[in-house]
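Those protein sequence lines, which keep their order, are chains A and B.
Residues in the first sequence are numbered from 1 upward in steps of one, following our numbering.
Residues in the second sequence are numbered from 1001 upward in steps of one, following our numbering.
Don't be surprised by glycine CBs; every beta carbon is placed ideally from N, CA and C.
There are 2 protein chains.
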Amino acid sequence: MTDKKFMERAIELAGKGMASNAGGPFGAVVVKDGVIISEASNRVTSDNDPTAHAEVLAIREACRKLGTYTLEGCTIYTSCEPCPMCLGAIYWARPVAVVYACDRTDAADAGFDDRFIYDEISLDMGSRLIPFSQTMRDKALPLFTEWREKEDAERY
Amino acid sequence: MTDKKFMERAIELAGKGMASNAGGPFGAVVVKDGVIISEASNRVTSDNDPTAHAEVLAIREACRKLGTYTLEGCTIYTSCEPCPMCLGAIYWARPVAVVYACDRTDAADAGFDDRFIYDEISLDMGSRLIPFSQTMRDKALPLFTEWREKEDAERY
């Protein structure tokens, strides 16, 4: 299979997910060594899970199959540019590349918040729509010291 | 319970999760009407799931309990500033506020990529560590037209 075939499958999943009212029109596949190892479409509304974006679901499934928490050597094909949540998930999973079709502006034009969230992330916390406040850092900070010194910690 | 008690619980969960080798030293709770409705600690390494951050798990559990895909009227308490993935999840879930203890720099000092991913998100795609490329937008774009026109779409 080629790049084109993998993206065609991601787009097909997006369409099927929308048609079955699983969620929004988004699909993704994870490919390793030329083979699709996981695929998903958006399931936010059917699963009552705001994190059930196609990329997140495909990453979780691929990791489950591989028995690891990273996607080394994998490429993710997604029908739309990943939102900030999915982009973060991708960075934690560390695939070698991401290929997308539509972009954040296309998603915004269809009523999705992707571009809005990108804009919010770059703002100072005090300027964001959702208020963020900091407290009790002194109580939490020793945990990081403990983590650094923990001999059997599995670092990721 | 007060703000302080909720954050104490988030920090306690972070410590317990680290001690049991579930994952990194991160904990979070979701509070509604003065009551904790979900709580979680990081489970990345024990679940082989790069998305199993405390905030994501707590959001998913709270939504499951509430039977919705948003967290209206809820506040999230987390032992550390949310990473970009969790921040994205928070924006999709739409709680009224977020309270955190440590910040992205504290996390970076302990070896976590939170700050690095924040830096990457603000870069042009061509400058990012993980290469992103666009293809076949013309094949995917009609899905968004279909979504806009779909009468029984549940918009989120």
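Can you find a CB in chain A that lies within less than 9 Å of the CB of residue i?
i         : result
B:Val1035 : no
B:Cys1074 : no
B:Glu1151 : no
B:Arg1009 : no
Specify, as a first and last residue, the run of the beta strand (DSSP E) that residue i falls within.
i         : result
B:Ile1059 : B:Ile1059 -> not in any beta strand (DSSP E); alpha helix (DSSP H) instead, spanning 1054-1066.
A:Phe132  : 132-134
A:Ile78   : Ile is not the amino acid found at residue 78 of chain A; the sequence shown has Thr there. Element bounds for A:Thr78: 74-80.
A:Glu39   : 35-41
Going by DSSP, what residue range makes up the alpha helix (DSSP H) through residue i?
i         : result
A:Cys86   : 84-93
B:Val1098 : No alpha helix (DSSP H) holds B:Val1098; the beta strand (DSSP E) holding it covers 1097-1102.
B:Thr1045 : 1044-1047
A:Ala140  : 137-149
B:Phe1116 : 1114-1121
Indicate the three-state DSSP secondary structure (helix, strand or coil) for residue i in the structure shown.
i         : result
A:Tyr69   : coil
B:Gly1017 : helix
A:Gly23   : coil
B:Asp1109 : helix
A:Glu12   : helix
Would you say residue i reaches chain B, if we count a Cβ-Cβ gap shorter than 9 Å as a contact?
i        : result
A:Val30  : no
A:Arg60  : yes
A:Glu39  : no
A:Ala54  : no
A:Leu66  : yes
A:Asp124 : no
A:Ser79  : yes
By the criterion of Cβ-Cβ separation under 8 Å, what are the contact partners of residue i in chain B?
i       : result
A:Lys16 : Per Cβ cutoff of 8 Å: no residues; A:Lys16 is ~10 Å from chain B at best.
Taking the DSSP output, what are the residues bridged to residue i?
i         : result
B:Lys1005 : In the DSSP output, where bridge partners are listed per residue, B:Lys1005 has none listed.
B:Ala1028 : B:Ala1040, B:Thr1078
At least one CB of chain C closer than 9 Å to the CB of residue i: is that the case?
i         : result
B:Leu1143 : No chain C appears in this structure, whose protein chains are A and B.
Under 8 Å Cβ-Cβ, which residues of chain A neighbour residue i?
i         : result
B:Asp1003 : Thr135
I want to verify the contact list: residues of chain B whose CB lies under 9 Å from the CB of residue i, in sequence order.
i        : result
A:Arg115 : Per Cβ cutoff of 9 Å: no residues; A:Arg115 is ~12 Å from chain B at best.
A:Asp103 : Gln1134, Arg1137
Quick one: which chain A residues come within Cβ less than 9 Å of residue i?
i         : result
B:Asp1106 : Arg137, Ala140, Leu141, Phe144
B:Asp1049 : Ile59, Arg60, Cys63, Arg64, Tyr69
List, in order along the chain, the chain A residues whose C-beta lies closer than 7 Å to that of residue i?
i         : result
B:Leu1087 : Pro84, Ile121
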